[in-house]
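One structure below.
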Amino acid sequence: MWTSINAGASRGDAMTDISLTILPETEGDAPAIARLHERTFGPGRYAKTAYRLRESVAHRLEVSFTAHIGTLLVGSVRLSPVRVGETKALLLGPLTVEPAFRERGVGQALIKRALDEARAKGHRLAILVGDEPYYAKCGFKPIAAGVVAMPGPVDPARLLVAELVEGAFAGVRGPIRPEWETT
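Heads up: the sequence shown at position 170 corresponds to 442 in the working numbering, and the numbers run straight through without jumps.
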């Protein structure tokens with residue numbers, strides 16, 4: 273999927289369009305994505321609760337995407353299967369964009385593509401740990417305190433959900449855990 277985004281609008285630079293290509297992630301992308309994660313998140317990423325949760329289950333290639341400008345990989349988003357209580361969901365993240373291409377719509381384009389594909393494949397919910405003002409642009413809303421719990425320390429105000437099907441989060445509660453894990 274080719275997308276043209278305005279590269280400078282949000283930074284106040286001269287208006288410049290960049291041609292962004294969003295592609296499904298492939299196994300061959302793994303080394304470049306790992307290097308991107310290392311550059312953008314550093315070694316501290318391994319201590320984060322969401323990162324630890326994702327270590328327990330492989331992300332799904334069919335709903336994970338990369339962003340390219342020409343042949344340069346400039347971003348990535350992954351979705352991993354989890355359960356919230358007994359309800360299946362997808363955990364969005366990590367979302368990462370090369371620093372030079374941030375604030376240009378790359379992250380938003382990746383999220384939109386991933387959520388659209390997840391919806392098309394019959395998934396009903398996506399959750400994440402992140403900043404509500406940023407992710408609200410893609411339909412994420414805060415989860416009320418005490419409704420769900422991550423398996424480690426997380427600021428409850430940063431737990432967000434997007435219903436891919438209207439009403440899909442109604443009555444959902446419980447711990448967030450890797451999809452394959454049973455109670």
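For glycine and all other residues, C-beta sits at the position ideal for the given N, C-alpha and C.
Asked: S352 versus S328, L345 and R385, residue with shortest Cα-Cα distance; Found: S328
Asked: CA-to-CA distance, I399 to A408, given in whole angstroms; Found: 12 Å
Asked: Contact under 7 Å by Cβ, R396 with V426; Found: no
Asked: Span of the alpha helix (DSSP H), counted from its first residue to its last, around S379; Found: Note on identity: in this sequence residue 379 is Gly, with Ser being the wrong assignment. V378 to A392 is the span of the alpha helix (DSSP H), which, as asked, contains G379.
Asked: Beta-carbon proximity of E389 to V349, cut-off 7 Å; Found: no
Asked: Residues near D301 in its chain [Cβ-Cβ closer than 6 Å; skip 5 each side]; Found: T338
Asked: For T338, the residue or residues it bridges with in DSSP; Found: L295 and S348
Asked: Inter-residue spacing [alpha-carbon to alpha-carbon] between A358 and G446; Found: The amino acid at residue 358 is misidentified as Ala; the sequence shows Glu. The alpha-carbon atoms of E358 and G446 are separated by roughly 8 Å.
Asked: DSSP bridge partner residues for G446 (one or two, in chain order); Found: V420
Asked: Continuous beta strand (DSSP E) stretch holding P405: start and end; Found: Where P405 is concerned, there is no enclosing beta strand (DSSP E), although the alpha helix (DSSP H) it sits in stretches over E404 to Y407.
Asked: H309 beta carbon less than 7 Å from that of T368; Found: yes
Asked: Assigned secondary structure, E375 (DSSP; H/G/I helix, E/B strand, else coil); Found: coil
Asked: Reduced DSSP category for P303 - H, G, I as helix; E, B as strand; rest coil; Found: helix
Asked: Neighbourhood of A440 by C-beta distance below 6 Å, restricted to the same chain and skipping five residues each side; Found: R396 and L397
Asked: Beta-carbon separation (whole angstroms), L432 vs I448, contact threshold 8 Å; Found: L432 to I448, Cβ: 12 Å. No contact.
Asked: For T312: DSSP bridge partner residues; Found: Partner(s): none; T312 has no beta bridge.
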